[in-house]
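Colleague: Here our numbering = 1-based position in the sequence shown + 12. Can you read through this structure? Questions will come right after.
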Amino acid sequence: MTAAIAAEGLAVHLSVHTFTPRFRGTRRAVDIGILFDPDRKNEAAIANAWCKDLATRLPRMRIAANQPYLGTDDGLTTWIRTKFAAPEYVGIEIEIANSIAKKSKGSQHKLLTELATTIGNPTWTHDSARGA
13 MTAAIAAEGL AVHLSVHTFT PRFRGTRRAV DIGILFDPDR KNEAAIANAW CKDLATRLPR
73 MRIAANQPYL GTDDGLTTWI RTKFAAPEYV GIEIEIANSI AKKSKGSQHK LLTELATTIG
133 NPTWTHDSAR GA
């Protein structure tokens, strides 16, 4: 992170995890969650735009911001935020339901393609990542 920030003035950190679609007997209301810290305007702008992009491209998936967990829950991304200021560090977590991750290779490929395509959305400029 330090090297990326020194070179570019900004590090965007994405992490990907899976979650159980049922928790304590209750089905969760999300298939894919994009987690972020809502107090960091840069993260909120990127994450909310990403949720909209994914919802358009994957209309059968239930996409939600800060679900099934809060983006500020304890974890590596939250810890890294304590080390770097918002203009320097953007930490976003992608949560995918196990039931989605276990689908056929074709379904997995489509999901990964859409995630990769939307990550490169041209509206996510350096300035918007910095919160400008």
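Every residue gets a Cβ at the ideal spot worked out from N, C-alpha and C, and that includes glycine.
(1) Around the Cβ of ARG36, are there at least 16 other Cβ atoms within 10 angstroms (buried) or fewer (exposed)?
(2) Can you tell me which of the three DSSP states GLU105 falls into?
(3) GLY118 and HIS25: beta carbons closer than 8 Å?
(4) For my contact list, LEU47 and GLY83 are in at a C-beta cut-off of 8 Å; report their separation, rounded to the angstrom.
(5) Give me the residue from TRP91, GLU107, PRO50 with the minimum Cα distance to HIS29.
(6) Please return the same chain residues whose Cβ sits closer than 7 Å to the Cβ of TRP62, not counting the five positions on each side in sequence.
(7) At which residues does the beta strand (DSSP E) containing THR130 begin and terminate?
(8) Closer than 7 Å by C-beta to ARG93: which residues in its own chain qualify, once you throw out the five before and the five after it? Chain order, please.
(9) When the Cα of ALA128 is compared with those of SER116, ASP65, LYS95, PHE31, which residue comes out closest?
(10) Span of the alpha helix (DSSP H) holding THR94?
Modeller: In terms of the structure at hand:
(1) Taking the first residue of the sequence shown as position 1, residue 36 is located at position 24. Exposed, since its Cβ has fewer than 16 Cβ neighbours within 10 Å.
(2) Translated into the one-based positions of the sequence shown, residue 105 becomes position 93. It is a strand residue.
(3) What you label residue 118 is simply residue 106 of the sequence shown in a count that begins at 1. What you label residue 25 is simply residue 13 of the sequence shown in a count that begins at 1. Cβ distance not < 8 Å, so GLY118 and HIS25 don't count as in contact.
(4) Here residue 47 corresponds to residue number 35 of the sequence shown, with the count starting at 1. Here residue 83 corresponds to residue number 71 of the sequence shown, with the count starting at 1. Confirmed, about 4 Å.
(5) As a working mapping, residue 29 is identified with position 17 in the sequence shown. When only C-alpha atoms are compared, the closest one is GLU107.
(6) Along the sequence shown, read from residue 1 onward, the residue named residue 62 stands at position 50. Excluding residues within five positions, the ones whose Cβ falls inside 7 Å are ILE46, THR130.
(7) Here residue 130 corresponds to residue number 118 of the sequence shown, with the count starting at 1. That residue, THR130, is in no beta strand (DSSP E); its alpha helix (DSSP H) goes 117 to 131.
(8) Indexing the sequence shown from 1 puts residue 93 at position 81. Same-chain partners within the cutoff: ASP49, TYR101, GLY103.
(9) Taking the first residue of the sequence shown as position 1, residue 128 is located at position 116. With distances taken between Cα atoms, ALA128 lies closest to ASP65.
(10) For this step, residue 94 is matched to residue 82 along the sequence shown. Where THR94 is concerned, there is no enclosing alpha helix (DSSP H), given that its DSSP letter is neither H nor E.
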